[in-house]
Amino acid sequence: MAEHEHVRVAVVGSGFGGLGAAVRLRREGFTDFVVLERAGSVGGTWRDNSYPGCACDVPSHLYSFSFAPNPDWPRTFSGQEHIRAYLEHVTDVFGLRPHLRLNSEVLRMTWDSEALRWDIETSGGRLSADFVVSATGPLSDPKIPDIPGLDSFAGKVFHSARWDHDYDLRGKRVAMVGTGASAIQIVPAIQPLARKVTLFQRTPPWVMPRMDRAISGAERRLHRQLPFTTQARRGLLWGIRELQVQAFTKHPGQLGAVEQLAKRNMARAIKDPALRAKLTPDYRIGCKRILLSSTYYPALAQPNVDVVASGLSRVEGSKVVAADGTEAQVDAIVFGTGFHVTDMPIADRVVGADGRTLAEAWKGGMEALRGASAAGFPNWMTVIGPNTGLGNSSMILMIESQLNYLADFVRQLDVLGGRVALDARPAAVRDWNHRVQERMKRTVWNTGGCTSWYLDANGRNSTIWPGTTTEFRRATRRVDLAEYEVLRPAGQRSAAQDKGAVQDESTEAAV
Ligand SMILES: Cc1cc2nc3c(=O)[nH]c(=O)nc-3n(C[C@H](O)[C@H](O)[C@H](O)COP(=O)(O)OP(=O)(O)OC[C@H]3O[C@@H](n4cnc5c(N)ncnc54)[C@H](O)[C@@H]3O)c2cc1C
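Now the structure itself:
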């Protein structure tokens, strides 16, 4: 067999998760690691989503790394190009370029139970690693529904996350499919250009005004000269969101007042009662992600926009037909239909200790210990794994908590010493998930009366974290060795938990 590179850690993905992991590994003193990225540049979400109007729904001072504050954010809610530039900057400042393996798609990673390492096959060649951090993103593989007749459509078709910038939408009749976070940013951006926009809406979203504004030169100077003001701003943004969590997780009834604000937001722009009726959700606000836009409703009120309160059901030539029979002739179909979240493709490519893929192990639903480790997949952790998503705050907070867990994981391996691996005990995984699902029962995501992408094919919520970011931070501060089996090469006695590796009670009681 040909010689191949061996590294201590292989990180897969170069979005916030993968780059954050790389920074953290360097800070922990590791230099023997690579970042495998299938694309030709870093950035993840913020590289792939370049659709018109693409921007963050969380204020920039919170949607950025705590260890890399940016005093120069131009707007309170930054656009895609600024966030992408920020990630490129992070890559340079923290010296990550030499670790990057771009155009290296991971095709398969297989656990070698004898050598205690991962064999990794990529589009750029083979390598092996003692430890894998899978940061392939929950929203990185676009999902286009299976629509009869779509193959024979003569016009242009693309997904919001794969925008075709060479296609000129001016004067075109466009079918926009979906009303999620991307679609509501796209519609106001293309409505002034297109001849006609037909919006296919299965379920209307709740939409709140977006308090976006330019950050003044004086504010930026202040942040540059007095860095603690950037931290204070971040702290305030975080604290406000942290206080809101109980309403989502324990007292969804309290969200009724927010519904009134959202209805007023709609009424200000939508004067036609029939259109208002179509756009008014029939589920509790927060059950699906609350969307932020001050331009969506005004765009829908324009004469060149039609809202079809029904999903797209088939395509016949250049005609699109909704489930309720509404028809429209179109030149282009844009899918804002989300991503493979609970059925992420990477799970088919990870083969664990017993020869099963992660997708097979997760047939009944995704489950991981503390959002990171799956039983039977030793020395492997995922960033933004099962039940780590947030409904109201910045995912960067969750990613950074997981990086603490990663740092302790590799530290524990060093303490144990020699060739060693940690495999999550099935009972620990079950127990963690049982507690998460018990807490989930009261949340707005499970009780709010909607179907959302937070739920998997079995109707189980395997995506959202049912608590505060502080609770998750506490739960992921340390790796609790009692939750793992210590593996040694065959013939060697397992050093088990007896080598003084650190246990922490804070991880015990967190959920
Ligand atoms: C349009 C949009 C808006 C969003 N807005 C917000 C927001 O306002 N607030 C918020 O908190 N979150 C938001 N999110 C969620 C966002 O995805 C996360 O906040 C975060 O960026 C995820 O980072 P990540 O590194 O985990 O994943 P990603 O950024 O998706 O990066 C994953 C990387 O892995 C690579 N990859 C995947 N598979 C492979 C493979 N097999 N081999 C090699 N490389 C691979 C991908 O190419 C990609 O570069 C948004 C998402 C989208 C799509």
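If you're matching positions, the sequence shown starts at 0 in the numbering used here and goes up one per residue.
Glycine residues also receive a C-beta, built at the ideal position from the N, C-alpha and C atoms.
| Asked | Found |
| --- | --- |
| Beta-ladder partner(s) of G448, from DSSP | For G448, which the question treats as bridged, DSSP gives no partner whatsoever. |
| Helix, strand or coil at T109 [DSSP, three-state] | strand |
| Closer than 6 Å: F29 CB and nearest ligand 1 heavy atom | no |
| Own chain residues within Cβ distance below 6 Å of A67, not counting five before or after | V89 |
| beta-carbon I383 near ligand 1 non-hydrogen atom, thresh 6 Å | yes |
| Cβ-based neighbour list, S127, same chain, cut-off 8 Å, excluding 5 preceding and 5 following | H3, E4, H5, V6, D111, A114, R116, W117, D118 and I119 |
| Chain-order list of residues whose beta-carbon lies under 8 Å from that of T469 (same chain, five-residue window excluded) | E241 |
| Which residues DSSP lists as bridging W379, in chain order | V131 |
| Selected residue, minimal CA-CA separation from R288, among F247, S103 and S461 | F247 |
| Beta-ladder partner(s) of I119, from DSSP | M108 and L126 |
| Beta-carbon proximity list for M356, same chain, < 8 Å, skipping 5 on both sides | Per the sequence presented here, residue 356 reads as Thr, with Met not at that position. Within the same chain, T356 has close Cβ partners A346, D347, R348, V349 and V350. |
| Per-residue burial, T450 [other beta carbons within 10 Å of its own, 16 or more giving buried] | exposed |
| Inter-residue Cα distance where the pair is S151 and D145 | 13 Å |
| Closer than 6 Å: R74 CB and nearest ligand 1 heavy atom | no |
| Euclidean distance between Cα positions of F376 and L486 | 12 Å |
| Member of L95, D71 and L389 whose CA lies at the smallest distance from the CA of Q228 | Note on identity: in this sequence residue 228 is Thr, with Gln being the wrong assignment. Ranking L95, D71 and L389 by Cα distance to T228 puts D71 first. |
| Range covered by the alpha helix (DSSP H) that runs through S400 | M394 to L415 |
| Residues near V340 in its chain [Cβ-Cβ closer than 7 Å; skip 5 each side] | P137, L138, W452 and T462 |
| 7 Å Cβ cutoff met for P147 and Y295 | no |
| Boundaries of the beta strand (DSSP E) in which L421 is found, first to last residue | A420 to A423 |
| Secondary structure, alpha helix (DSSP H): runs of 4+ residues fully inside the stretch 136–196 | 182–189 |
| Cβ-Cβ distance between N391 and Q230 below 7 Å | no |
| Per-residue DSSP class, three states only, for I239 | helix |
| Residues near D407 in its chain [Cβ-Cβ closer than 8 Å; skip 5 each side] | R476, R477, V478 and V501 |
| Exposure of A269, with buried meaning 16 or more beta-carbon neighbours within 10 Å | Reading the sequence as shown, one finds Ile at residue 269 and not Ala. Counting Cβ neighbours within 10 Å, I269 comes out buried, since at least 16 surround it. |
| R441 (DSSP reduced to helix, strand or coil) | coil |
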